[in-house]
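Heads up: the sequence shown begins at 25 in our numbering, then just goes up one per residue.
Virtual Cβ for every residue (Gly too), placed ideally from N, Cα, C.
Only a predicted model underlies this, so the values are computations on that prediction, with no experimental measurement involved.
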Amino acid sequence: KINMSILMITHNLGVIAEVANRVIVMYCGRIVESADVHSIFHNPLHPYTRQLLASVPHLGADQTRLQEIPGVVPNLYNLPPGCDFHPRCAEAAESCKLQRPELNEMEPGHWVACGRVARGGA
25 KINMSILMIT HNLGVIAEVA NRVIVMYCGR IVESADVHSI FHNPLHPYTR QLLASVPHLG
85 ADQTRLQEIP GVVPNLYNLP PGCDFHPRCA EAAESCKLQR PELNEMEPGH WVACGRVARG
145 GA
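What follows is the structure in structure tokens.
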């Protein structure tokens with residue numbers, strides 16, 4: 025350990041799995057999940073994090089088509105009301121359209137910005 029931090033901005037989750045200790049997942053410039061790398065990969069709580077991980081191809085897997093996140097990333101200058109991810113989220117409730125979720129600590133060191141997760145619904 026050399027008491028140094030490196031900020032990596034990437035969609036390459038393989039690199040993150042190898043080099044990171046702590047991961048912050050962002051969507052539309054906002055933090056949606058923050059935890060140690062093991063928790064992010066083995067217990068993702070935010071729907072975007074789960075879909076992002078599901079979209080990664082796996083060697084040897086019998087996949088004919090990559091899994092994608094449906095919908096389109098919103099215009100950052102015209103974000104939807106409520107949760108930024110709700111138009112693309114299969115788990116979105118009506119409340120997700122109305123109120124932007126705050127980060128909540130669901131487990132020690134594992135933070136999530138999802139109203140459904142905070143209420144135990146996602």
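Kindly confirm or deny that the stretch 100-119 and the stretch 28-37 touch, where touching means at least three C-beta pairs closer than 8 Å. no
Would the beta-carbon of C138 fall within 8 Å of that of L103?
no
Problem - For V49, the three-state DSSP class (helix, strand or coil) - result: strand
**Study point:** Member of R124, M28, Y72, V56 whose CA lies at the smallest distance from the CA of V43
**Key:** M28
Those residues which DSSP pairs with S58 across a bridge: I48, W135
query = What three-state label does DSSP hand E92 in the structure shown?
reply = coil
field: Candidates V96, H82, A59, I93: closest to N128 by CA position
entry: A59
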